[in-house]
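Engineer:
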Amino acid sequence: MESTVTEPSFTLGLEEEYLLVDRGTRDIVTSPPDEMLEACQEQAPGRIHPEFLRCQIEVGTPVCQTLDEARAELAALRGTVAGVADRYGLAPIAASTHPFAAWEPQKHTNRDRYNMLARDLGAPARRLMICGMHVHVGIEDDDLRIDLMNQVRYFLPHLLALSTSSPFWRGRDMERRSYRLSVWHELPRTGMPAGFQSYGEYQSHVAVLVNAGVIEDASKLWWDIRPSSRFPTLEMRITDICTRLDDAVTVAALYRCLLRMLWRLKLRNVTWRPYKNLLIEENRWRAQRYGLDSGLVDFGQGRIVPYADLLDEIIDLTREDAEHFGCTAEVGRARDILRRGTSAHRQIEIFQAALADGASEDEALRRVVDWLAEETMVGVRDEPSPTGVTT
Numbered sequence: 092m093e094s095t096v097t098e099p100s101f102t103l104g105l106e107e108e109y110l111l112v113d114r115g116t117r118d119i120v121t122s123p124p125d126e127m128l129e130a131c132q133e134q135a136p137g138r139i140h141p142e143f144l145r146c147q148i149e150v151g152t153p154v155c156q157t158l159d160e161a162r163a164e165l166a167a168l169r170g171t172v173a174g175v176a177d178r179y180g181l182a183p184i185a186a187s188t189h190p191f192a193a194w195e196p197q198k199h200t201n202r203d204r205y206n207m208l209a210r211d212l213g214a215p216a217r218r219l220m221i222c223g224m225h226v227h228v229g230i231e232d233d234d235l236r237i238d239l240m241n242q243v244r245y246f247l248p249h250l251l252a253l254s255t256s257s258p259f260w261r262g263r264d265m266e267r268r269s270y271r272l273s274v275w276h277e278l279p280r281t282g283m284p285a286g287f288q289s290y291g292e293y294q295s296h297v298a299v300l301v302n303a304g305v306i307e308d309a310s311k312l313w314w315d316i317r318p319s320s321r322f323p324t325l326e327m328r329i330t331d332i333c334t335r336l337d338d339a340v341t342v343a344a345l346y347r348c349l350l351r352m353l354w355r356l357k358l359r360n361v362t363w364r365p366y367k368n369l370l371i372e373e374n375r376w377r378a379q380r381y382g383l384d385s386g387l388v389d390f391g392q393g394r395i396v397p398y399a400d401l402l403d404e405i406i407d408l409t410r411e412d413a414e415h416f417g418c419t420a421e422v423g424r425a426r427d428i429l430r431r432g433t434s435a436h437r438q439i440e441i442f443q444a445a446l447a448d449g450a451s452e453d454e455a456l457r458r459v460v461d462w463l464a465e466e467t468m469v470g471v472r473d474e475p476s477p478t479g480v481t482t
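For what it's worth, the numbering used here labels the leading residue of the sequence shown as 92, then goes sequentially.
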């Protein structure tokens with residue numbers, strides 16, 4: 092009998108974290124009103140949550156079948172947070188670091204889970220004034236999820252480079268397009284995961300840490316990509332949060348298409364060549380340091396290749412998958428990001444332009460915050476989402 096292969100659902104779910112800023116001072120708000128979070132949660136039950144630090148707020152879409160649905164949900168959630176925050180003179184910014192805020196005054200949310208994290212992680216936890224974007228893609232088969240995780244690691248630096256939004260830290264240009272990863276790296280169990288032969292092997296390694304009392308469960312593995320401990324999804328976590336909504340959608344579309352491309356190869360008994368973390372992490376560093384600007388290493392050719400060429404190859408590799416998901420235009424917008432630069436590029440440009448106009452460094456940084464607040468709302472429309480969340 093001819094066997095049939097069930098394609099994974101490749102459903103989508105997006106999570107974003109925002110920093111809350113005072114519209115007057117442009118600084119981070121250390122203690123936003125409790126009623127603000129409550130009002131957000133009333134408008135979007137189960138989709139807006141407090142984060143580790145009180146100056147942050149997290150949103151998460153429901154499971155989405157299409158990219159259009161995911162975009163509409165994310166737009167509605169951004170709009171909900173912005174609309175409620177505005178009542179209190181606040182604004183969310185979709186940036187992975189704040190241009191000038193200090194981390195020392197920040198307070199963590201008083202919940203058991205966060206209190207435990209603060210106690211276990213010590214001082215580095217108090218520096219987590221950083222935000223990211225997580226993309227979940229539905230892959231129901233456990234072993235397939237691990238297999239695709241092993242292979243897609245190669246492309247994670249390419250996705251990071253498209254998303255960078257954290258060039259500043261405490262008022263300084265840190266000469267990183269993604270300084271967020273430098274802060275994040277102080278925590279344990281971060282970075283690129285090792286390869287696993289099967290889901291069983293992955294579980295056995297997690298069990299060692301759980302049984303030793305080091306972690307409660309796999310949710311405490313904060314890798315760049317991981318099998319979700321709550322859902323049958325492969326969760327990509329390496330990227331900065333994209334300031335512009337359409338950029339977030341493009342990165343999510345590319346990640347989803349890459350996973351389906353690798354699944355198609357597997358049907359033909361073809362596997363993307365595995366590379367050790369020694370090599371993958373070199374590209375991770377290059378993406379963190381230079382973003383789109385200085386190219387990444389093509390391990391097959393053994394040389395640094397301009398990012399534009401690598402992006403063209405990825406778009407070509409995933410053309411069939413973009414057509415399958417109906418997201419050819421969204422994937423193609425990656426070239427727009429390359430042309431105009433990521434949020435990190437624009438923040439540095441705005442800062443330098445303000446200085447050239449005679450602004451002080453403090454004023455130049457405030458202009459960057461103003462741009463971030465405006466750019467976070469680009470593409471966010473006052474319309475209901477498919478499941479009723481309104482902005």
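Each residue gets a CB set at the ideal place from its N, CA and C atoms; glycine is no exception.
#1: According to DSSP, what are the bridge partners of residue 183?
#2: By the three-class DSSP mapping on this structure, what secondary structure does residue 142 have?
#3: In chain order, what residues of the same chain lie with their CB nearer than 8 Å to the CB of residue 92, ignoring the 5 residues before and after it?
#4: Would you identify the three-state DSSP class for residue 281, choosing helix, strand or coil?
#5: Are at least three pairs of beta-carbons, each pair with one atom in the region 156-173 and one in the region 197-210, less than 8 Å apart?
#6: Please work out which residues of its chain come closer than 6 Å, Cβ to Cβ, to residue 477, disregarding the five sequence neighbours upstream and downstream, and give them in chain order.
#7: What separation, rounded to the nearest whole angstrom, lies between the Cα atoms of residue 306 and residue 300?
#8: Residue 397 to residue 250, Cα distance in whole Å?
#9: Which parts of the region 419-448 are runs of the alpha helix (DSSP H), unbroken and 4 residues or longer, counting only runs that do not cross its ends?
#10: By Cβ distance below 8 Å, which residues in the same chain neighbour residue 178 in space, the five residues on each side in sequence not counted?
#11: Put residue 249 into one of helix, strand or coil per three-state DSSP.
#12: Helix, strand or coil: how does DSSP classify residue 499 here?
#13: Taking DSSP's pairing of strands, which residues face residue 227 in a bridge?
#14: Check whether the region 110-126 and the region 173-191 are in contact - that is, three or more C-beta pairs closer than 8 Å.
#15: Whole angstroms is fine: what's the gap from residue 232's alpha carbon to residue 201's?
#16: Buried or exposed: residue 322, going by 16 or more other Cβ atoms within 10 Å of its Cβ?
#17: From which residue to which residue does the alpha helix (DSSP H) around residue 406 run?
#18: If I follow the unbroken alpha helix (DSSP H) through residue 453, where does it start and stop?
#19: If residue 108 sits next to residue 332, beta carbons under 8 Å apart, how far is it from one beta carbon to the other, in whole angstroms?
#20: Runs of 3 residues minimum, wholly inside the region 328-405: which ones carry the beta strand (DSSP E) assignment?
#21: Just the C-alpha distance for residue 403 and residue 421, rounded to the nearest angstrom, thanks.
#22: Which value, in whole angstroms, describes the spacing of the CA atoms of residue 60 and residue 371?
#23: Please check if any C-beta of chain D sits within less than 8 Å of the C-beta of residue 254.
#24: Taking the continuous alpha helix (DSSP H) assigned at residue 162, which residues delimit it?
#25: In the DSSP output, which residue or residues are listed as bridge partners for residue 236?
#26: Select from 412, 255, 290 the residue whose C-alpha is nearest the C-alpha of residue 489.
#27: How about residue 151 and residue 106: are their beta carbons less than 8 Å apart?
#28: Measuring CA to CA, which of 225, 206, 170, 248 is closest to residue 368?
#29: What is the C-beta distance between residue 429 and residue 352, in whole angstroms, given that I count them as a contact (C-beta under 8 Å)?
#30: Indicate the three-state DSSP secondary structure (helix, strand or coil) for residue 254 in the structure shown.
#31: Which residue from 133, 336, 327, 362 puts its Cα closest to that of residue 346?
#32: Measure the CB-CB distance between residue 435 and residue 310 and report whether it falls below 8 Å.
#33: Which word fits residue 149, buried or exposed, when buried means at least 16 other C-beta atoms lie within 10 angstroms of its C-beta?
#34: Pop quiz: residue 314 and residue 239 are said to be a contact at Cβ under 8 Å. What is the actual Cβ separation, rounded to whole angstroms?
#35: Once DSSP output is grouped into helix, strand and coil, what is the label at residue 199?
#36: Using CA atoms only, rank isn't needed, just tell me which of 348, 374, 184 is closest to residue 394.
Structural biologist: Let me spell this out:
#1: 111
#2: coil
#3: In this prediction, residue 92 has a pLDDT of 38, which is less than 50 and means its spatial position is unreliable; nothing more can be read from the coordinates.
#4: strand
#5: no
#6: At residue 477 the pLDDT is 46, less than 50, meaning the model places this residue with poor confidence and gives no usable figure here.
#7: 6 Å
#8: 15 Å
#9: 419-423, 425-431, 434-447
#10: 127, 130
#11: helix
#12: The requested residue 499 is not part of the displayed model; the chain covers only 92 to 482.
#13: 104, 326
#14: yes
#15: 37 Å
#16: exposed
#17: 398-408
#18: 452-467
#19: 6 Å
#20: 387-389, 394-396
#21: 14 Å
#22: The question about residue 60 has no answer, for the chain in this structure spans 92 to 482.
#23: Annotation note: the requested chain D is absent from the structure, which comprises a single protein chain.
#24: 158-177
#25: Partner(s): none; residue 236 has no beta bridge.
#26: Any question about residue 489 goes unanswered here, given that the chain covers just 92 to 482.
#27: yes
#28: 248
#29: Contact doesn't hold; Cβ gap of about 20 Å is too wide.
#30: helix
#31: 327
#32: no
#33: buried
#34: The pair is not a contact, with the Cβ atoms about 14 Å apart (cut-off 8 Å).
#35: strand
#36: 374
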